[in-house]
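Here's the structure, in structure tokens; my notes come after.
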Amino acid sequence: MDVDACTDIAERDAEDCGGVEQARASLISSETAADVAQLFKALSDPTRVRIISVLIGHELCVHSIVDVLGMTQSAISHQLRTLRALRIVRARRAGKHIYYTLADAHIGTLFKQGRAHAEHD
Numbered sequence: 004m005d006v007d008a009c010t011d012i013a014e015r016d017a018e019d020c021g022g023v024e025q026a027r028a029s030l031i032s033s034e035t036a037a038d039v040a041q042l043f044k045a046l047s048d049p050t051r052v053r054i055i056s057v058l059i060g061h062e063l064c065v066h067s068i069v070d071v072l073g074m075t076q077s078a079i080s081h082q083l084r085t086l087r088a089l090r091i092v093r094a095r096r097a098g099k100h101i102y103y104t105l106a107d108a109h110i111g112t113l114f115k116q117g118r119a120h121a122e123h124d
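What the sequence shown shows, in the working numbering, is residues 4 to 124, in sequence order.
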């Protein structure tokens, strides 16, 4: 390697030093990264995304979700189990019915941002 190449590398490293430290400070833990990856994995299924879309601002029982999406109860129940396990939706029992809603506002915000991105020209 020639002297000019070494000088260029040294200058680049000096410039990157501050950026590297800032990047290191913003790096999330491996555990948090795994949790975020699981969340996005849950959102990678179109049926689950559609379920989330109908639950924004609504609390619905399984039968209502089935009616809205036009799918079988077993298919919806399977997806709801996954969403509950990942703490994306929560359930409330009222007699024979179980009502589902989003677990928190973050999920709705994330969905809305993803939708806006997908619909953006």
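Just so you know, even glycine gets a beta-carbon here, dropped at the ideal spot from N, CA and C.
This one's a predicted model, so the numbers in the text were calculated from it and none came from an experiment.
(request) Kindly indicate the opening and closing residues of the alpha helix (DSSP H) around A37. (result) On the sequence shown, residue 37 is found 34 positions in, with the first residue counted as 1. Residues 33 to 45.
(request) Could you name the residues of the same chain whose beta carbon sits closer than 6 Å to that of T50, not counting the 5 residues immediately before and after it, in chain order? (result) To locate residue 50, count along the sequence shown from 1; it is residue 47. Excluding residues within five positions, the ones whose Cβ falls inside 6 Å are Q82.
(message) Less than 7 Å between the beta carbons of Q41 and L105, yes or no?
(response) Your numbering for residue 41 matches position 38 in the sequence shown. Your numbering for residue 105 matches position 102 in the sequence shown. No, they are not a contact pair.
(message) Pairs of beta-carbons, one from the segment 110 to 120 and one from the segment 55 to 71, closer than 8 Å: are there three or more?
(response) yes
(message) I need the boundaries of the alpha helix (DSSP H) containing H109, first residue and last residue.
(response) Counting from one through the sequence shown, the residue named residue 109 turns up at place 106. Segment 108 to 122, the alpha helix (DSSP H) holding H109.
(request) Please determine, among Q25, L86, G73, C64, the residue with the shortest C-alpha to C-alpha distance to K44. (result) Walking along the sequence shown from the start, residue 44 turns up at place 41. Minimum Cα distance to K44 is reached at L86.
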